Amino acid sequence: MARKHGIERVGLLTLSFGVPGSGKWSHETWALREQAKQWGFVQKRWHSFCTHIVAKRYEDWVCVFELHRDRDWHLHVVVATKADIRNGTNLETLSITSCRI
Numbered sequence: 015m016a017r018k019h020g021i022e023r024v025g026l027l028t029l030s031f032g033v034p035g036s037g038k039w040s041h042e043t044w045a046l047r048e049q050a051k052q053w054g055f056v057q058k059r060w061h062s063f064c065t066h067i068v069a070k071r072y073e074d075w076v077c078v079f080e081l082h083r084d085r086d087w088h089l090h091v092v093v094a095t096k097a098d099i100r101n102g103t104n105l106e107t108l109s110i111t112s113c114r115i
């Protein structure tokens, strides 16, 4: 990825399942994380997130799925950004914390 796009444009996203603003131990987050134990659910959510967010924001990406010890899935996504991300990046424009996968 770095060879293809340049190290200055490569970043890493780590995505886990939770409901923004509800708190780590909320019922809403617990219910979503229970669904995130099902591979089919995770694949559908990733496909939607990839189609509507990742494909529009990044030029290229590679995704790796990892199973937590508690049997919840989370994702690691290496992305190629459209601009140099080393200096002067407005982190709010890159932030996707309010998006749900």
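In my numbering, the protein residues as written are 15 to 115.
Beta carbons: idealized from backbone N, C-alpha and C, even for Gly.
Please read these numbers as outputs of a predicted model, since none were measured by experiment.
Please report how far the alpha carbon of residue i lies from the alpha carbon of residue j, in whole angstroms.
i, j, result
"TRP87", "LYS58", "13 Å"
"TRP75", "ALA94", "6 Å"
"SER112", "VAL33", "For SER112, the pLDDT reaches just 48, beneath the cut-off of 50, and the residue's location in the model is therefore unreliable, leaving the point undetermined."
"GLY35", "ALA45", "15 Å"
"PHE79", "ASN101", "29 Å"
"HIS19", "LYS96", "9 Å"
"TRP60", "VAL92", "14 Å"
"ALA69", "GLY25", "15 Å"
"GLN52", "GLU73", "29 Å"
"SER62", "HIS82", "22 Å"
"PHE31", "VAL56", "9 Å"
Look up residue i in the DSSP assignment and say whether it is helix, strand or coil.
i, result
"ALA97", "coil"
Report back the beta-carbon spacing between residue i and residue j to the nearest angstrom; my notes put them in contact at under 8 Å.
i, j, result
"THR28", "GLY37", "THR28 to GLY37, Cβ: 19 Å. No contact."
"ASP98", "GLU22", "4 Å"
Please list the terminal residues of the continuous beta strand (DSSP E) segment that includes residue i.
i, result
"VAL78", "74-81"
Task: 4 or more residues per run - each alpha helix (DSSP H) lying fully within the stretch 15-59 - done: Unbroken alpha helix (DSSP H) runs of no fewer than 4 residues, entirely contained in the stretch 15-59, are found at 16-19, 41-49, following chain order.
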